[in-house]
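Peer 1: A single structure is presented below for examination.
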Amino acid sequence: MTATGSLIRERAAAARAAARSLARASTAVKNAALERIATLLEERTPVILDANAHDLAYARAEGLDPAFVDRLTLTPERIRQMAADVRTVAALPDPVGEMFDVRTLPNGLLIGRRRVPLGVIAAIYEARPNVTVDIASLCLKSGNACVLRGGKEAVHSNRALGDIVQEALAAAGLPPSAVEVITDPDRAHIDELLQAHDLIDMVVPRGGKGLIEYVRAHATMPVVAHGDAVVHIYVDEFADLEMALKVVDNAKTQRYSVCNAVDTLLVHAAIAPRFLPALARQWAGRVTLFADDRALAILGPFVAEGLALERATEETWRTEHLALRCGVRIVDTPEEAIAHIERYGSHHTDAILTEHYGRAMQFVEEVDSAAVFVNASTRFTDGAQFGLGAEIGISTDKVHARGPMALRELTSYKWTIFGNGQVRT
């Protein structure tokens, strides 16, 4: 699937036409298409891996950083997980047609809100080819058509995955153009997409700060952004030490190249003399720490034991590392930790580790993030982990959607009113 010039508008127009059919499709038909996608992912794993190998060869030849290459990489296990996520979406309740806030007015009118698809959703994203399947499956189940534009680094993977999705749609009797995958890497196509407000109802950018800012500045339709994630964990003085070490390690090392991995540890001064040495031993030879002066004083002796340690700078606190690197700062109060998060955070995901209920609730109430955890790894900020199936992204916006954008977040509503002849007087 390629696109040049005005073909971008033609693709968007085809998706708009398909959206009308998709909005009327039954749950059974949509689920049949989803099951076919999952089956084809499994059956065509060798084809997908071959396409992905071309993308990986390009990425390595270009000298792209290891975290980027990790996000680009598909493996048999990751493809199996993609198929499992599609089946999870199929098993979820269909939001389309759901009535809510139903009530009878004093004049006898029965009024309520009915969930309806948004229409056509455009997504512009980087690196991760699994996003192609995630967004396609969520849009399909929620009755939306979509136009997907991945990064040039994943063009072969996205083409293979897009072909699978379109084949599955056709097999279920749905228009293949309900999912349009743009694989032409010409960046001019992004501008054309962003100007197509008459054909596209919402655009979702997923990627770095530059991409998000560009889309916000040039889009002529509503934008719901999956932006940078500077993730914090505050280790309170009342934290359980063993639990804190386990949670922090998972949040950094279980998969470091994703948006919900921790970037900065804020450690209460009262627990720092016990927590930081234990952390240093745990991460020696594994994670590079960027520490403030007080943390350096505690961590310094562990360099001899293999700890990679550097002095933190102002930029440290603003950085989404996506690598085995982590900032460490000692704070004296919960208020200082919360103030740091307010200044440097991205309103994505933050956590507190504490056995003190009051401290936990203070953190929950005062930290203005899409997801706030108490005594759990930040790695759980994920649509599938939240029981929502796959996600179109993690929104840090406050309008329309916040946090994982799953099925309900891809719908709007229409007021539906039933009467028996009422007239206004």
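Sequential numbering from 2 applies to the sequence shown in my numbering. Even glycine gets a Cβ: it sits at the ideal position worked out from N, Cα and C. Just so we're clear, the structure is a prediction, and the values are computed from it rather than from any experiment.
Out of curiosity, what's the CA-to-CA distance linking I191 and H233?
Peer 2: Between I191 and H233, the C-alpha separation is close to 33 Å.
Peer 1: What residue range is occupied by the uninterrupted alpha helix (DSSP H) comprising I418?
Peer 2: Here I418 belongs to no alpha helix (DSSP H); instead the beta strand (DSSP E) covers T412 to F419.
Peer 1: Do you know how far the Cα of L411 is from the Cα of M83?
Peer 2: Using only the alpha carbons, I get a separation of about 20 Å.
Peer 1: Measuring only the C-alpha atoms, how far is R202 from L194?
Peer 2: The residue asked about is misnamed: residue 202 is Asp in this sequence, not Arg. Taking the straight line from one Cα to the other gives about 11 Å.
Peer 1: What's the gap between the Cα of H157 and the Cα of P96?
Peer 2: Distance between the alpha carbons of H157 and P96 is about 33 Å.
Peer 1: Three or more C-beta pairs under 8 Å: does that hold for the stretch 314 to 331 against the stretch 353 to 363?
Peer 2: In short, these stretches do not touch, since the Cβ pair count stays below three.
Peer 1: Would you identify the three-state DSSP class for F291, choosing helix, strand or coil?
Peer 2: In this structure, F291 counts as strand in the three-state DSSP scheme.
Peer 1: Does P107 come out as helix, strand or coil in the three-state DSSP assignment?
Peer 2: If DSSP states are grouped into helix, strand and coil, P107 belongs with coil.
Peer 1: Along the chain, where does the alpha helix (DSSP H) containing A18 start, and where does it finish?
Peer 2: Taken as a continuous stretch (DSSP letters only), the alpha helix (DSSP H) holding A18 covers L8 to R25.
Peer 1: Here's a check: name, in chain order, each residue in its chain whose Cβ is nearer than 7 Å to the Cβ of A155, leaving out the five neighbours to either side.
Peer 2: D56, L73, A128 and P130.
Peer 1: For the alpha helix (DSSP H) that C147 lies in, which residues bound it at each end?
Peer 2: Not the alpha helix (DSSP H): C147 falls in the beta strand (DSSP E), residues A146 to R150.
Peer 1: For F69 and S258, what's the separation of their Cα atoms in angstroms?
Peer 2: Roughly 7 Å between the two C-alpha positions.
Peer 1: Measure the C-alpha to C-alpha separation of P118 and F291 and round it to an integer number of angstroms.
Peer 2: Cα to Cα, P118 sits roughly 46 Å from F291.
Peer 1: Using CA atoms only, rank isn't needed, just tell me which of I125, I9, R79 and G98 is closest to I430.
Peer 2: Lying outside 2 to 426, the shown extent of the chain, residue 430 is not represented and no answer is given.
Peer 1: Could you give the first and the last residue of the continuous alpha helix (DSSP H) run that contains A339?
Peer 2: One point to set straight first is that residue 339 is Ile, not Ala, in the sequence displayed. Per DSSP, I339 belongs to the alpha helix (DSSP H) from P335 to Y345.
Peer 1: Which term fits E238, buried or exposed, when burial requires 16 or more other beta carbons within 10 angstroms of its beta carbon?
Peer 2: Per the 10 Å Cβ criterion, buried.
Peer 1: Quick test of your reading: R114 and Y345, contact by CB under 8 Å. State the CB separation rounded to the nearest angstrom.
Peer 2: Their Cβ separation, rounded to whole angstroms, is 39 Å, which puts R114 and Y345 out of contact at 8 Å.
Peer 1: For the putative contact between V121 and A20, defined by C-beta atoms under 8 Å, what is the C-beta separation to the nearest angstrom?
Peer 2: Yes, V121 and A20 are in contact; Cβ-Cβ is about 5 Å, under 8 Å.
Peer 1: Going by DSSP in three states, S158 sits in which element: helix, strand or coil?
Peer 2: S158 falls in the helix class under three-state DSSP.
Peer 1: Taking the alpha carbon of V90 as the point to measure from, which residue in Y59, A33, D66 and R61 has its own alpha carbon closest?
Peer 2: Closest option to V90, Cα to Cα, is A33.
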